[in-house]
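Asks:
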Amino acid sequence: MRILLVSLLAAAVCLHLADSLRCYTCFAATSHKGCLSETTCSPNDKYCMTFSNSTSGLTLINKRCAPTCKSTKSSFSSSVSMSCCKDDLCNDDSDE
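Per mature numbering (1 follows the signal peptide of the UniProt record, and there is no 0), the sequence shown runs over residues -20 to -1, 1 to 76.
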């Protein structure tokens, strides 16, 4: 009986992880090519987020899983943008 319960629990965990979103993650990368570490998001995370901040020719990029997201762009003394997507590994930003 214990073996059956352990097997069912393991199967439930595997199915749950299979449904979880996968995103690229990084902190303070200087290019999208340097930001290709993959992670499985928590069940609460519904978006892959990319946040970039450009100032005086230097761009820093952060990517992560996020539970909510509001995409934005601004033009002040620095250029800040945040974008989100909802598919596995969709925040590769290969077009930038």
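For every residue, glycine included, the Cβ atom is placed at its ideal position computed from N, Cα and C.
This structure is a prediction, so every number in the text was calculated from the model and none was measured.
Can you name, in chain order, every residue of its own chain whose Cβ lies under 6 Å from the Cβ of A9, other than the five neighbours on each side?
Replies: By 1-based counting over the sequence shown, the position of residue 9 is 29. If we look at A9 and ignore the five residues flanking it on each side, its Cβ neighbours are C15 and I41.
Asks: Going residue by residue through the segment 9 to 60, where are the continuous beta strand (DSSP E) segments of at least 3 residues, counting only ones entirely within it?
Replies: If we require 3 residues or more, the beta strand (DSSP E) runs fully inside the segment 9 to 60 come out as 17 to 20, 27 to 35, 38 to 46 and 52 to 55.
Asks: Return the CA-CA distance between L38 and F7, expressed in angstroms with no decimal places.
Replies: For the purposes of this step, residue 38 is taken as the residue at position 58 of the sequence shown. For the purposes of this step, residue 7 is taken as the residue at position 27 of the sequence shown. Answer to the nearest angstrom: the Cα atoms are 14 Å apart.
Asks: Let me check you understand the geometry: is the CB of D73 closer than 6 Å to at least one non-hydrogen atom of the ligand ZN?
Replies: The ligand ZN is not part of this structure, which contains no ligands at all.
Asks: Is the CB-CB distance between K66 and Y4 below 7 Å?
Replies: Looking up residue 66 in the sequence shown gives position 86. Looking up residue 4 in the sequence shown gives position 24. It is not a contact, given that the beta carbons lie outside the stated cut-off.
Asks: Taking 7 Å as the limit between beta carbons, can you name the residues of its chain near C49, skipping five residues before and five after?
Replies: Translated into positions along the sequence shown, residue 49 becomes position 69. So the list reads Y27, M29 and C64, once near-sequence residues are dropped.
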